[in-house]
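Read through the structure below, which is laid out as structure tokens, and then see the notes.
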């Protein structure tokens, strides 16, 4: 399926499960049992869903799966197969997918930055097919000087190599926010489904980009 490759996974037998792929401060999970656009009681293979910890304390823990890939990998299915219409094949896809909250106050994270940018409100994500790098445009970008928010820019965003960015994260806030996504696309033919994503304030190293 389109959007199905990942640098975490060469094939179902060759993967990075159990390896550190991010800072130990980073955890991420997909949970259809949370309230959000990606909520449901059964996936389209009839599997009751559960929280799937993709990353826990920086270590890759599990993949989203369907009954087939779960059997091949020798794990329990986590209820991640969904289709847009009954005549289409259910695809393994995100549900309510979230970076876990940390224990830092966002203002304290900002106050420790001598020279940087605070990027707020995601607008348009773009990611390589292999997931090795990404670009995200933002609603607002504030310049940070000596721990204080300064100049506000209307457009902008960040781009980075995925592994380098995840490993660079050195602070995670306690301000978790979940956003509804009405049209996450995947597959050939394209299947668009509702889902939610989100996370707290996170501090890492990426390159600032302009609008577009």
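In the numbering used here, the protein residues as written are 11 to 222. For glycine and all other residues, C-beta sits at the position ideal for the given N, C-alpha and C. It should be emphasised that the depicted structure is a prediction, and the values quoted were computed from it without experimental measurement.
- So, is residue 130 buried or exposed, given that buried needs 16 or more other C-beta atoms within 10 angstroms? exposed
- So is residue 206 buried or exposed if we call it buried at 16+ other beta carbons inside 10 Å? buried
- Item | Proximity of residue 101 and residue 197 at Cβ, strictly below 8 angstroms | yes
- Query: To which residues of the same chain is residue 41 closer than 6 angstroms at the C-beta, ignoring the five residues directly before and after it?
  - Reply: 61, 106
- Task: Tell me the start and end of each unbroken alpha helix (DSSP H) in the segment 83-131 that is at least 4 residues and wholly inside, in chain order.
- Result: 116-121
- Task: Examine the Cβ distances between the segment 199-213 and the segment 50-64 and report whether three or more of them are shorter than 8 angstroms.
- Result: no
- List the endpoints of the continuous beta strand (DSSP E) containing residue 170. 167-171
- Residues of its chain near residue 216, where Cβ-Cβ distance is below 6 angstroms and the 5 sequence neighbours each way are ignored: 168, 170, 175
- For the beta strand (DSSP E) that residue 239 lies in, which residues bound it at each end? Because the chain in this structure spans residues 11 to 222, residue 239 falls outside the shown range and cannot be described.
- Message: Could you check if residue 75 belongs to the surroundings of the ligand PLP, using beta carbon to heavy atom distance under 7 angstroms?
- Response: Ligands are entirely absent from the displayed structure, and the ligand PLP is therefore not among its contents.
- Message: Report the CB separation of residue 127 from residue 218 in whole angstroms; it is logged as a contact under 8 angstroms.
- Response: 6 angstroms
- Status (buried if at least 16 other CB within 10 Å, exposed otherwise) for residue 203: buried
- Message: Does residue 52 come out as helix, strand or coil in the three-state DSSP assignment?
- Response: coil
- Could you please give me the residues that DSSP links to residue 73 through a beta bridge? Answer is none; residue 73 lacks a bridge partner.
- Does DSSP put residue 152 in a helix, a strand or coil? strand
- Flag this pair as yes or no: are the beta carbons of residue 33 and residue 185 separated by less than 8 angstroms? no
- Message: Just to check my reading of the structure: residue 115 and residue 183 have Cβ atoms closer than 8 angstroms, yes? What is that Cβ distance to the nearest angstrom?
- Response: 7 angstroms
- Best match in 63, 164, 133, 137 for proximity to residue 88 [C-alpha to C-alpha]: 63
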